[in-house]
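Residues in the sequence shown are numbered from 66 upward in steps of one, following our numbering.
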Amino acid sequence: MARLGRRRQVGGRRAGLDLEDRRSARAPRVLRRRAAGRRAGAPSGPVRGLRGDRLLDRRGLRGTGPRDRRLPSARRPRLPRARAPPDRDRGGPGEPAEPEDPGAARVPARGGAAGGRADVAGLRGPRGVRAPRARVAGGRRLPVSPRRAVRAVVFDLFGTLVREFHHEEWDRWFRATAEALGADEAAFRAAWRATSVERQTGGLGDIEGNLRAICAGIGARPSGEAMVRALEVRRRFYDEAWEPMPGAEETLRAVRGRGLRTALVSMCAPDTPPRWRASALARWIDVEVFSCEVGLRKPDPAIYRLACERLEVPPPACLYVGDGSYGELTGARAVGMRVVRLRDPAEREGEFYRPEEEPWQGPTIGALPELIPLLGA
Numbered sequence: 066m067a068r069l070g071r072r073r074q075v076g077g078r079r080a081g082l083d084l085e086d087r088r089s090a091r092a093p094r095v096l097r098r099r100a101a102g103r104r105a106g107a108p109s110g111p112v113r114g115l116r117g118d119r120l121l122d123r124r125g126l127r128g129t130g131p132r133d134r135r136l137p138s139a140r141r142p143r144l145p146r147a148r149a150p151p152d153r154d155r156g157g158p159g160e161p162a163e164p165e166d167p168g169a170a171r172v173p174a175r176g177g178a179a180g181g182r183a184d185v186a187g188l189r190g191p192r193g194v195r196a197p198r199a200r201v202a203g204g205r206r207l208p209v210s211p212r213r214a215v216r217a218v219v220f221d222l223f224g225t226l227v228r229e230f231h232h233e234e235w236d237r238w239f240r241a242t243a244e245a246l247g248a249d250e251a252a253f254r255a256a257w258r259a260t261s262v263e264r265q266t267g268g269l270g271d272i273e274g275n276l277r278a279i280c281a282g283i284g285a286r287p288s289g290e291a292m293v294r295a296l297e298v299r300r301r302f303y304d305e306a307w308e309p310m311p312g313a314e315e316t317l318r319a320v321r322g323r324g325l326r327t328a329l330v331s332m333c334a335p336d337t338p339p340r341w342r343a344s345a346l347a348r349w350i351d352v353e354v355f356s357c358e359v360g361l362r363k364p365d366p367a368i369y370r371l372a373c374e375r376l377e378v379p380p381p382a383c384l385y386v387g388d389g390s391y392g393e394l395t396g397a398r399a400v401g402m403r404v405v406r407l408r409d410p411a412e413r414e415g416e417f418y419r420p421e422e423e424p425w426q427g428p429t430i431g432a433l434p435e436l437i438p439l440l441g442a
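In structure tokens:
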């Protein structure tokens with residue numbers, strides 16, 4: 066019993082130590098912390114103690130003070146927050162909106178060719194929608210210039226890679242074909258133009274099917290030999306009129322040499338694809354989209370999207386080059402492509418057949434080789 070009483074007495078003394086004695090016992094440790102704070106540049110004065118609002122003064126004794134007076138610690142200097150630069154890559158007046166691209170939001174690798182992207186100088190992205198953005202330090206997002214987003218170039222065919230036909234060439238073809246078929250020239254000419262949509266979307270079959278459908282519509286009944294002569298006239302017409310635009314092959318080679326994909330989108334009759342594939346330019350094109358094969362015409366957005374799907378490149382990363390026939394430039398821009406018009410100043414007004422040419426206030430080049438500097442190094 067005596068031993069048990071001594072244990073309780075010792076325990077009571079330990080429990081009886083007041084809070085101030087225990088804190089005073091720890092005071093040297095706090096003072097060492099305070100001294101370390103002064104060496105790190107902390108101001109002198111009371112420093113925070115162990116608990117609550119109670120502070121220790123310079124002698125390590127208890128005091129009181131505000132909660133927010135704490136021991137300062139050496140902090141790393143805070144970096145200034147990044148500011149977004151002015152959005153200078155938006156399009157100018159009259160340019161429609163461009164959708165944002167999660168794939169192009171990455172900053173491309175240095176060197177356009179190695180990264181598969183070109184630095185298209187001088188081309189603005191369409192206004193109304195901000196350019197794709199990339200993350201930078203501090204969590205802010207800065208715009209990625211659309212000049213670094215081009216990964217593919219999409220070309221029109223007639224008036225862009227191959228010259229348009231002269232009015233005189235069309236007149237000779239209408240005259241010779243109507244004569245070969247034994248049809249009235251004026252009626253044949255009108256029926257040919259009236260069936261352009263069906264012909265360009267493949268609705269009348271091959272070129273022979275087109276001629277037979279037109280003859281049936283105007284009451285002509287050509288013989289088999291007459292149809293053979295008419296098809297030969299058509300073949301000669303294409304061979305004589307087919308002429309690549311100046312610098313076409315040089316431009317295609319330069320585009321491919323920069324690691325960019327290439328595509329052709331053409332609104333044409335069913336005898337155009339085989340003639341194109343036999344030409345020297347075809348080897349520089351990765352993807353072909355002919356209206357007569359896919360059943361789509363310009364400026365239907367679907368024909369441009371189809372080209373992008375086959376390229377595996379989103380529309381905002383594609384640059385479209387065309388002469389402006391059939392509203393093709395507006396159609397390409399409507400799906401988010403960047404657009405450049407090719408307008409050869411050497412072509413006299415009225416000499417070439419330009420179907421439904423649209424007015425254009427956007428970027429324009431006078432010859433295909435002028436596209437090369439726009440693609441960067």
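Positions of the beta carbon are idealized from the N, C-alpha and C atoms, including for glycine.
Quiz prompt | Nearest candidate by alpha-carbon position, reference A214, set I350, R406 and P380 | solution = P380
Practice problem: Could you name the residues of the same chain whose beta carbon sits closer than 6 Å to that of G159, not counting the 5 residues immediately before and after it, in chain order? | Solution: Per-residue confidence for G159 stands at a pLDDT of 34, beneath the threshold of 50, marking its modelled position as unreliable; no derived number is given.
Exercise. Could you tell me whether the Cβ atoms of E296 and F220 are closer together than 8 Å?
Key: Position check: residue 296 holds Leu in this sequence, whereas Glu was assumed. Taking 8 Å as the Cβ cut-off, L296 and F220 do not qualify as a contacting pair.
Exercise. In angstroms with no decimal places, state the Cα-to-Cα distance between R299 and W238.
Key: 7 Å
Quiz item: Based on the DSSP secondary-structure assignment, which residues constitute the bridge partners of G282?
Solution: In DSSP, G282 forms no bridge with anything.
Quiz prompt | Neighbour-count burial assignment, R258, 16 or more Cβ in a 10 Å radius | solution = exposed
Quiz item: Is the region 321-328 touching the region 351-359, taking contact as three or more C-beta pairs under 8 Å?
Solution: yes
Quiz prompt | Span separating the alpha-carbon of G284 from that of A278 | solution = 10 Å
Practice problem: In the DSSP assignment, find the beta strand (DSSP E) that holds S331 and state where it starts and stops. | Solution: Where S331 is concerned, the enclosing beta strand (DSSP E) starts and stops at R326 to S331.
Quiz item: Okay, do the region 398-405 and the region 239-257 touch, 3+ Cβ pairs below 8 Å being the bar?
Solution: no
Quiz item: How do the region 329-341 and the region 253-273 stand: do at least 3 beta-carbon pairs fall below 8 Å, yes or no?
Solution: yes
Quiz prompt | Sequence ranges, beta strand (DSSP E) only - wholly within the region 312-382, length at least 3 | solution = 326-331 and 352-355
Exercise. Please determine, among L246, A281 and G247, the residue with the shortest C-alpha to C-alpha distance to T260.
Key: A281
Practice problem: Count the other CB atoms, across all protein chains shown, that sit within 10 Å of the CB of G431; report buried if there are 16 or more and exposed otherwise. | Solution: exposed
Quiz item: For R403, which of helix, strand or coil comes out of DSSP?
Solution: strand
Quiz prompt | Boundaries (first-last residue) of the beta strand (DSSP E) holding A214 | solution = Premise fails: A214 is in no beta strand (DSSP E) and is neither H nor E.
Quiz item: For A345, which of L226, V218 and A217 has the nearest alpha-carbon?
Solution: Looking at L226, V218 and A217, the one whose alpha-carbon comes closest to that of A345 is L226.
Exercise. Report the partner residues of G387 according to the DSSP bridge assignment.
Key: R406
Quiz item: Who pairs with P424 in a beta bridge, going by DSSP?
Solution: None; P424 has no bridge partner.
Quiz item: Any idea what DSSP makes of P287, helix, strand or coil?
Solution: coil
Exercise. Take the Cβ of P428 as the centre, count every other Cβ of all protein chains shown within 10 Å, and call the residue buried at 16 or more, exposed below.
Key: buried
Quiz item: For the putative contact between L269 and L246, defined by C-beta atoms under 8 Å, what is the C-beta separation to the nearest angstrom?
Solution: Between L246 and L269 the Cβ distance is about 15 Å, and since that is not below 8 Å, they are no contact.
Practice problem: Would you tell me roughly how many angstroms separate the C-alpha atoms of R318 and H232, rounded to the nearest one? | Solution: Rounded to the nearest angstrom, the two C-alpha atoms are 31 Å apart.
Self-check item: Burial state of E229 (16 or more Cβ within 10 Å)
Solution: buried
Exercise. Please confirm if E358 has its CB atom under 8 Å from at least one CB of chain B.
Key: In the structure shown, chain B cannot be found, because there is only a single protein chain.
Quiz item: So who's on the other strand from V227, going by DSSP bridges?
Solution: F223 and P309
Quiz item: Between R175 and the rest of its own chain, which residues show a CB-CB distance below 6 Å, the 5 nearest in sequence each way excluded?
Solution: No answer about R175 holds up, because its pLDDT of 33 lies below 50 and its placement is not dependable.
Practice problem: Identify, in the order they occur along the chain, each residue of the same chain with its Cβ nearer than 8 Å to the Cβ of R362, setting aside the five sequence neighbours on each side. | Solution: V262, Q265, T266, M332, S356, I368 and Y391
Quiz item: Between F302 and the rest of its own chain, which residues show a CB-CB distance below 6 Å, the 5 nearest in sequence each way excluded?
Solution: W238
Self-check item: For G431, the three-state DSSP class (helix, strand or coil)
Solution: DSSP places G431 in coil when its eight states are reduced to three.
Self-check item: Whether T395 touches P434 by CB criterion (8 Å)
Solution: no
Quiz item: What span of residues does the alpha helix (DSSP H) with D236 cover, start to end?
Solution: H232 to L246
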